[in-house]
Amino acid sequence: MTTSNESPDPLRRDARAALAADATAGTDAATGDAWHVDPAPDEVAAPAGEAPASHTMWANVNHPFALGLFLTLGGLVAFALGVAFTNLSTVVIYIVFALFAALGLDPVVRWLEARGVKRAWGIVIVYTAFAVVLVAVLWLIIPTVVRQIAQFITDLPQMIADFEQTAFYGWLEGMLGDPIELLLHEIQQFFSNPANIAAIGGGFLQVGATIATTISGLIIILVLSLYFLASLPIMKQSFNRLAPARTRAKVAGMTDQITDSIGGYLMGMVILAFCNSIVTLILFLALRLPFPPLMAVVAFSLTLIPLVGSVLFWIVASVVALFANPLSALIFAILYLIYMQLEAYVLTPRVMNRTISVPGALVVIGALVGGTLLGLLGALVAIPVTASILLIIKQVVIPRQDAKV
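Note that this note's numbering has the sequence shown beginning at 1433, numbered continuously upward.
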């Protein structure tokens, strides 16, 4: 008599083996040919005493020490990748901005191509014109702006003193009381103290070093963008080939829409910012307000910020003009406000006609996130990135969800 722990009878074991063989073998009823079904690879029994190969790794990870080692190695790899990305963050930023610059200049190159100019010559023409404009800005405007910044700091106390003698200041003081007087007094005291001026000078040295670094980075971005612009069609084709053949045409269409939208948006923002700077220069010269070139540069920089840039510059320029002449400041504020309406309802629809529409709330959120991460340029590129994400959601995610029942 055998117990349940003993091995089964050899005859019973042979019978079970025969039944298993019958389950994977048989005879075709039509032809009489014998057939045999091989077990799937996953169903092949492992040698006695061994676990299946597919479960060996996870079985070891379930051990506390192995799990701890596994998590530690994963954390070290993640930390190493984070350190590497931090060290290479400047290079990554250069690459991203160079790619966006290439996408921004590509519409101009394609416009020349449509008029019979070969792409290589179109790139040469665009970059030559861009280099001429850049050199003209650096040679003519930057020295004037630097002198006017120094003059503004020197003249600000006297400008405040003259402003306090105007009738408008008397009315403003009557409305607001002591806070406006205390604020102007503190500003006067600050800029009248030589120690503070020296501190600002030290800050200017730091700003000068930052400007030098920025110029070197700008040169790197220009060189990279030249290579990106020359190879942009090949880059798009290579990216499209990464998609499966059945969806390659759709991916190619989406890629063209995204690149066209980004290029049109960036070029449109630069055109609108340039228009703002020209209008500001003309108004400041016509109204005899101080620092026209400086305010034109400030207008170009601030109006690159989507949605809120024009309003922000309108406030800054009106305050600067207020210290010089309240009546001229009022005229400037009214005329620039009229231009803002003209830009919003006439210029922007014409310039931005090829871009993807983005809800206003997402524009503000994207500008805040991009500005926080990468400053002014981050705010500039955040909107086309947001538009690209919206396009992918509309053409990929939503159709898939609609197809589900």
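Note that beta-carbon positions come from the ideal geometry of N, C-alpha and C, so glycine has one too.
- Remark: C-beta atoms of Phe1716 and Ala1765 do not approach each other more closely than 9 Å.
- With a contact defined as Cβ atoms closer than 8 Å, Met1727 and Ala1749 qualify at about 6 Å.
- Rounded to the nearest angstrom, the gap between the Cα atoms of Met1701 and Leu1812 is 8 Å.
- With 16 or more other Cβ atoms inside 10 Å of its own Cβ, Leu1698 counts as buried.
- The alpha helix (DSSP H) runs lying completely inside the stretch 1732 to 1811 and spanning 4 residues or more are 1741 to 1756, 1758 to 1774 and 1780 to 1783, given in chain order.
- Here the alpha carbon of Ala1561 sits roughly 25 Å from the alpha carbon of Pro1816.
- Counting other Cβ atoms within 10 Å of its Cβ, Phe1723 reaches 16 or more and is therefore classed as buried.
- The criterion of a C-beta distance shorter than 9 Å is satisfied by Val1740 and Ala1799.
- With contact defined as three or more Cβ pairs closer than 8 Å, the stretch 1550 to 1557 and the stretch 1681 to 1688 are not in contact.
- A residue is called buried when at least 16 other Cβ atoms come within 10 angstroms of its Cβ; Trp1571 does not meet this threshold and is exposed.
- In the DSSP annotation of this structure, the continuous segment of the alpha helix (DSSP H) that includes Gly1536 starts and ends at Ser1521 to Glu1545.
- Cβ neighbours of Leu1734 within its own chain (closer than 6 Å, five residues either side excluded): Gly1741, Leu1744 and Phe1745.
- Here Ile1690 has Ser1820 and Leu1823 as same chain residues with Cβ atoms under 7 Å from its own Cβ, once five neighbours each way along the sequence are excluded.
- A check of alpha carbon separations from Arg1579 across Pro1738, Pro1725 and Ser1760 identifies Pro1725 as the nearest.
- Judged by DSSP in its simplified three-state form, Arg1832 adopts helix.
- Around the CB of Asn1708, 16 or more other CB atoms lie within 10 Å, so the residue is classed as buried.
- Judged by beta-carbon spacing, Val1795 lies within the 9 Å limit of Thr1818, meaning their Cβ atoms are closer than that value.
- Here Val1549 is not near Leu1661, since their CB atoms are 9 Å or more apart.
- Bounds of the alpha helix (DSSP H) holding Trp1553 are Arg1551 to Ala1568.
- DSSP, read as helix, strand or coil, puts Val1711 in helix.
- Rounded to whole angstroms, the gap between the alpha carbons of Ala1793 and Ala1498 is 48 Å.
- In the structure shown, Val1837 adopts coil according to DSSP, grouped into three states.
- Leaving aside the five residues that flank Asp1587 on each side, the residues in its chain whose CB is nearer than 8 Å to its CB run, in chain order, Pro1722.
- The beta-carbon separation of Val1729 and Ile1573, rounded to 6 Å, stays under the 8 Å limit for a contact.
- Nearest Cα to Ile1747 within the set Ile1737, Leu1759, Leu1769 and Ser1663: Leu1769.
- Within 10 angstroms of the beta-carbon of Ala1835 lie fewer than 16 other beta-carbons, which makes it exposed.
- Relative to Phe1732, the option among Leu1719, Leu1713 and Ile1652 whose CA is nearest is Leu1713.
- Within the model, the alpha-carbon separation for Trp1603 versus Glu1596 is close to 11 Å.
- Taking a contact as a CB-CB distance under 8 Å, the pair Pro1758 and Thr1522 does not count as one, their CB atoms being some 46 Å apart.
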